[in-house]
Amino acid sequence: MTDRKLLVLASGSPRRLALLEQIGIKPDYLLPSDADETPEKNETPRALAARLARIKAETARRSAERDDEYAGALVLAADTVVAVGRRALPKAELSEEAEQCLRLLSGRAHRVYTGLCLMAPNGAVRQKLVETRVRFKRLSSEEVDDYVASGEWRGKAGGYAIQGLAGSFVVKLVGSYSNVVGLPLYETASLLGGAGYPLRANWSDPLSMAEG
Numbered sequence: 001m002t003d004r005k006l007l008v009l010a011s012g013s014p015r016r017l018a019l020l021e022q023i024g025i026k027p028d029y030l031l032p033s034d035a036d037e038t039p040e041k042n043e044t045p046r047a048l049a050a051r052l053a054r055i056k057a058e059t060a061r062r063s064a065e066r067d068d069e070y071a072g073a074l075v076l077a078a079d080t081v082v083a084v085g086r087r088a089l090p091k092a093e094l095s096e097e098a099e100q101c102l103r104l105l106s107g108r109a110h111r112v113y114t115g116l117c118l119m120a121p122n123g124a125v126r127q128k129l130v131e132t133r134v135r136f137k138r139l140s141s142e143e144v145d146d147y148v149a150s151g152e153w154r155g156k157a158g159g160y161a162i163q164g165l166a167g168s169f170v171v172k173l174v175g176s177y178s179n180v181v182g183l184p185l186y187e188t189a190s191l192l193g194g195a196g197y198p199l200r201a202n203w204s205d206p207l208s209m210a211e212g
């Protein structure tokens, strides 16, 4: 057993895991949260993303503490919200939801917020909120129908995946691209580095990174 810090990712998202592995970070344990993501009354999308990230981190922290191996681990959580004005769009699960999201986003700008929360075993909590502005082209009915038929939108905030087919819809993006995918890498690395996590431990081991 080494003295290196362990990392628990409070998510089961393949996208977040892939983004972390892109910069050489391999979580030791995944603890997804089933937190209720319903916005509170008059809650802004910014506040929603920050609150859910904190709730996910707290839930995973409690679970990790019940396992001796991970009781001393850092816990990282994130939540991404797509918003038009003060309206938070759903993580689409039904084709009707995806279609509504796309028609709302068509030809206009929207914002993507990701709340980050990192909890240390000593109780220290570090949080960040990252915002990216995105503008979509005006979508034809055929484009909406074809994208909905692709199924790529399922489970995605705002009903689209920028790293996939929907990348062709984006006219302009201001801010972090990885934030729109689901995890802003610069800010995540800054949080982890500030907590003493060895960010570059795997950089000199290409085989280890390739296996991830």
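Every letter in the sequence shown is one number past the one before it in my numbering, and letter 92, counting from 1, is 92.
Virtual Cβ for every residue (Gly too), placed ideally from N, Cα, C.
Fair warning: this is a prediction, and the values are worked out from it, not measured in the lab.
Please report the Cβ distance between R61 and V75, rounded to the nearest whole angstrom; I am assuming they are in contact, meaning their Cβ atoms lie under 8 Å.
The residue you call residue 61 lines up with position 61 of the sequence shown. The residue you call residue 75 lines up with position 75 of the sequence shown. Their Cβ separation, rounded to whole angstroms, is 5 Å, which keeps R61 and V75 in contact under 8 Å.
On the three-pair Cβ rule with 8 Å, is the region 163 to 174 touching the region 88 to 95?
No, because fewer than three Cβ pairs between the region 163 to 174 and the region 88 to 95 fall closer than 8 Å, the two stretches do not touch.
Please tell me whether G218 and R16 are closer than 7 Å, where the distance is taken between their beta carbons.
Coverage of the chain is limited to positions 1 through 212, which leaves residue 218 absent and any answer about it impossible.
So for G85, helix, strand or coil by DSSP?
Counting from 1 along the sequence shown, the entry for residue 85 is found at position 85. Looking at G85 - three-state DSSP - the assignment turns out to be coil, as it is neither helix nor strand.
DSSP bridge partner residues for C101 (one or two, in chain order):
For this step, residue 101 is matched to residue 101 along the sequence shown. In DSSP, C101 forms no bridge with anything.
Cut-off 8 Å between Cβ atoms - residues of its own chain near L125, not counting five sequence neighbours on either side
Mapped onto the sequence shown, residue 125 falls at position 125. Reading off the sequence shown, one finds Val at residue 125, where the question assumed Leu. Cβ within range, chain order: R54, A57, C117, L118 and M119.
Report the CB separation of G158 from L199 in whole angstroms; it is logged as a contact under 8 Å.
Your numbering for residue 158 matches position 158 in the sequence shown. Your numbering for residue 199 matches position 199 in the sequence shown. With a beta-carbon spacing of about 30 Å, G158 and L199 fall beyond the 8 Å limit used to define contacts.
For a test of the three-state rule: what should DSSP assign to E43, helix, strand or coil?
What you label residue 43 is simply residue 43 of the sequence shown in a count that begins at 1. Residue state for E43 is assigned as coil, using DSSP reduced to three classes.
Endpoints, alpha helix (DSSP H) assigned at Q22:
The count along the sequence shown starts at 1 and reaches residue 22 at position 22. Per DSSP, Q22 belongs to the alpha helix (DSSP H) from P14 to Q22.
Measuring CA to CA, which of L192, A88 and K41 is closest to K156?
Locating residue 156 in the sequence shown gives position 156, where the first residue counts as 1. Among L192, A88 and K41, the Cα nearest to that of K156 belongs to A88.
Can you name the start and end residues of the alpha helix (DSSP H) that Y177 belongs to?
Position 177 of the sequence shown, counted from the start, is the residue given in the question as residue 177. Segment Y177 to V181, the alpha helix (DSSP H) holding Y177.
Would you mind sorting G115 into buried or exposed? The rule is 16 or more other CB atoms within 10 Å of its CB.
Counting from 1 along the sequence shown, the entry for residue 115 is found at position 115. The residue in question, G115, is buried, as its Cβ has 16 or more Cβ neighbours within 10 Å.
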